[in-house]
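Visitor:
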Amino acid sequence: MTQVQVQETANLPAHPEEPVMRNWREYFSFSTDHKVIGIQYLVTSFVFYLLGGVLATVIRSELATPETDVVSPELYSGLFTLHGTIMIFLWIIPAGTGGFGNFLVPLLIGARDMAFPRLNAVAFWLVPPGGLLIIASFFFGPPQAGWTSYPPLSLVMGQVGEAMWIFGLLLLGTSSILAGLNFLVTILKMRTPGMGLSDMPLFCWAMLATSGLTLLATPVLAGGLILLTFDLLAGTTFFNPTGAGDPVVYQHMFWYYSHPAVYIMILPVQGMMSEIVPVHARKPIFGYLAVAYSSIAIACLSLIVWAHHMFTTGTPGWVRMFFMITTMVIAVPTGIKVFSWLGTIWGGKIHFRTAMLFAMGLISVFVIGGISGVMTAAVPFDIHVHDSYFIVAHLHYVLFGGSVFGLYAGIYHWFPKMTGRMLDENLGKIHFVLTYIGFNLAFFPMHQLGIQGMRRRIAVYDPKFADLNLICSIGAVLLAISTLPFLINVCHSWLYGEKAPDNPWRGLTLEWMTTSPPPPENFKTQPVLALHPYHYGVGPSEANLLSDQEYPRSVLSTEPEDRQNRDQESSIK
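Residue 556, in our numbering, is where the sequence shown stops; the numbers in between run on with no holes.
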């Protein structure tokens, strides 16, 4: 160890000798600890994910043959609506923003908690009743208009169930708005001394963009749903064409939120990717500032692309042209992130752990979803495949491929920090292989189905589509089976797994500089960043990373001026 490194170690803050092991009852309480709330979000959303997966398996079982042999068309529509709603609003959004966002953001910026801890707890406890309302709607005349709930169809099918579905979404929207406000204040006002915006981990940049997008877009959806409720229960005609209402206005209000919602789902996962890939490739992130600013660019551009979902609604040609161009332009900052991850991997000393496998799997499938997205941005092609299974394939390659793969990568990467236990790598790799094969088998053939003309949202179809649908259903079953090794791994490891060191991956960001799991106050003293969070292979301290030993906490100091001194020493060397 060099003299500089000895000096750094001598300046380390006092550290808790033992991690704090929590009582399981705390996770069922109104806790204001951001780490408990993050795990509450993750576990709750994963339970909903399992339910949504069961519904998906039933749907694909019905679609395995052209005939109606599992559920009726009416029941199919209800299952379809519930599946889409659960996967988007009760799994991906709360897991990425609420789960990982809550657990990681204060740790990454060196804060003791979120800016508004009680508001944080309220935001979580709005999710279970919102989810239960949506599920209960299935038993009171299930909503059958799909997760988009377009009028006039949504006004004439399952009135009570539709109203419960809307109220559930309003609760979830309120939760998102409260969480977004909390994240913005926390990131902008509670960073540790010495951490400027250009020093923040990229996950914080992603959460900053996501939070701003949530605050701008979610109220518009809430307004549309409230007006739809008036039409449904009070007999108004905001969107009802029988009373001079305009259902296309609802589509504008819905998609003004719901296309940005795609990035509300994806941006946190992209931020997680930018944390995971450098650690397991042992290289600095390629193009830090470009990746940081691309998150902001995506958030801004996503507010002016919504009408590409509405090319078939009779929109004027100039409107189509504008939204076609903006939709294609938004692929640029998204591509910047992909090229950054590839540039980071290129030439790196890659450790093929499960987290890295899921991260690399995400890149491969998300690129397919991105290519199909640019295709559907073109008006002529979109009109041809609109409401076909090509859109179903694109949607799942973007959302499952671009979000769920990343959520799994995040769980495998940060599980040791959350629980103090290591996950089993062998079970993890089995989980990855089954997920990757099952996903591509289930959704890749849907591109061909859509091009051939198979419509979405139907339970009965032309027999000429039977073979490809059978392949898709087999893939869906394999995808459902893939969750079993994951569940076994998580449950067994949390209880009996190998104890995790504080920094098992030898990372440089601040969450690895405290115990696993972290104490209630995160850090015993105020941490100050002494190295950039992605300086793998840069500076004298990287020498410690070349061994398999746990990386010493030499990037923390108790004095802000220590950082400047270390930077000068590193530049001299």
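Cβ coordinates follow ideal geometry from the N, Cα and C atoms, glycine included.
1) Got a sec? Which residues, its chain only, sit under 7 Å from ALA189 by beta carbon, not counting five neighbours each side?
2) Opposite ARG404 in the DSSP bridges: which residues?
3) So, helix, strand or coil for ARG438, using DSSP?
4) Would GLU494 and LEU91 qualify as a contact pair, given that the criterion is a beta-carbon distance under 8 Å?
5) Throw me the rounded Cβ distance for the ASN85 and LEU138 pair, which I believe falls under 8 Å.
6) To the nearest angstrom, how far is the alpha carbon of ILE160 from that of ILE308?
7) Indicate the three-state DSSP secondary structure (helix, strand or coil) for SER194 in the structure shown.
8) Between the segment 131 to 150 and the segment 33 to 46, do three or more beta carbon pairs fall short of 8 Å?
9) Is DSSP giving SER241 helix, strand or coil here?
10) Can you give the Cα-Cα distance for GLN23 and PHE107, rounded to whole angstroms?
11) For the segment 71 to 87 against the segment 13 to 23, are there 3 or more C-beta pairs whose distance is under 8 Å?
12) In three-state DSSP terms, what is SER465?
13) With a floor of 4 residues, list each alpha helix (DSSP H) that falls wholly inside the segment 259 to 302, ordered by position along the chain.
14) Below 8 Å between beta carbons: does that hold for PHE31 and LEU73?
15) Straight-line CA distance for ASN472 to ALA264?
16) Quick one: Cα of PHE11 to Cα of ALA360, how far?
17) Quick one: any contact between the segment 189 to 204 and the segment 100 to 114, if contact means 3 or more CB pairs under 8 Å?
18) Are THR175 and GLN435 close, meaning C-beta to C-beta below 8 Å?
19) Give a yes or no on whether the C-beta atoms belonging to VAL443 and PRO125 are separated by under 8 Å.
20) Hey, how far is the Cα of GLU258 from the Cα of PRO184?
21) Quick check on the burial criterion: 16 or more other C-beta atoms within 10 angstroms. Buried or exposed for LEU242?
22) Measure the Cβ-Cβ separation of PRO516 and THR492 and say whether it is below 8 Å.
23) Going by the CB atoms, is the gap between THR80 and THR193 shorter than 8 Å?
24) Does DSSP classify SER476 as helix, strand or coil?
25) With three or more beta-carbon pairs closer than 8 Å as the criterion, would you say the segment 406 to 425 touches the segment 458 to 471?
26) Taking only three categories from DSSP, how would you classify ALA425?
27) Would you check if there are 3 or more beta carbon pairs closer than 8 Å linking the segment 330 to 347 to the segment 373 to 392?
28) Residues bridged to SER499 by DSSP?
29) What did DSSP end up calling SER323 once you bin it into helix, strand or coil?
30) Could you check where the alpha helix (DSSP H) with ASP365 kicks off and where it finishes?
31) Let me make sure I understand the geometry here. Which of ILE457, ARG336, ASP445 has the alpha-carbon closest to that of GLY411?
32) By Cβ distance below 7 Å, which residues in the same chain neighbour ALA39 in space, the five residues on each side in sequence not counted?
33) Within 10 angstroms of the Cβ of HIS292, are there 16 or more other Cβ atoms? Answer buried if so, exposed if not.
34) Give the single residue among SER355, LEU58, VAL274, LEU102 whose Cα lies nearest to the Cα of MET311.
35) Note the first and the last residue of the continuous alpha helix (DSSP H) segment covering GLN142.
36) To the nearest angstrom, how far is the alpha carbon of THR225 from that of ALA282?
Guide: In this structure, then:
1) LEU250, PRO251, GLN253, GLY254, SER278
2) LYS482
3) strand
4) yes
5) Actually they do not touch by this definition, with Cβ atoms about 37 Å apart.
6) 30 Å
7) helix
8) no
9) helix
10) 8 Å
11) yes
12) It is coil, neither helix nor strand.
13) Segments of the alpha helix (DSSP H) lying fully in the segment 259 to 302: 271 to 284.
14) yes
15) 24 Å
16) 45 Å
17) no
18) no
19) no
20) 7 Å
21) It is worth fixing the name first, because residue 242 is His in this sequence and not Leu. Buried, because 16 or more other Cβ atoms sit within 10 Å of the Cβ of HIS242.
22) Pairing PRO516 with THR492 gives a Cβ-Cβ distance under 8 Å.
23) For THR193 and THR80, yes; Cβs fall inside 8 Å.
24) helix
25) yes
26) helix
27) yes
28) According to DSSP, SER499 bridges with nothing at all.
29) helix
30) For ASP365, the enclosing alpha helix (DSSP H) begins and ends at 362 to 368.
31) ARG336
32) HIS66, ALA459
33) buried
34) SER355
35) Start and end: 142 to 172.
36) 37 Å
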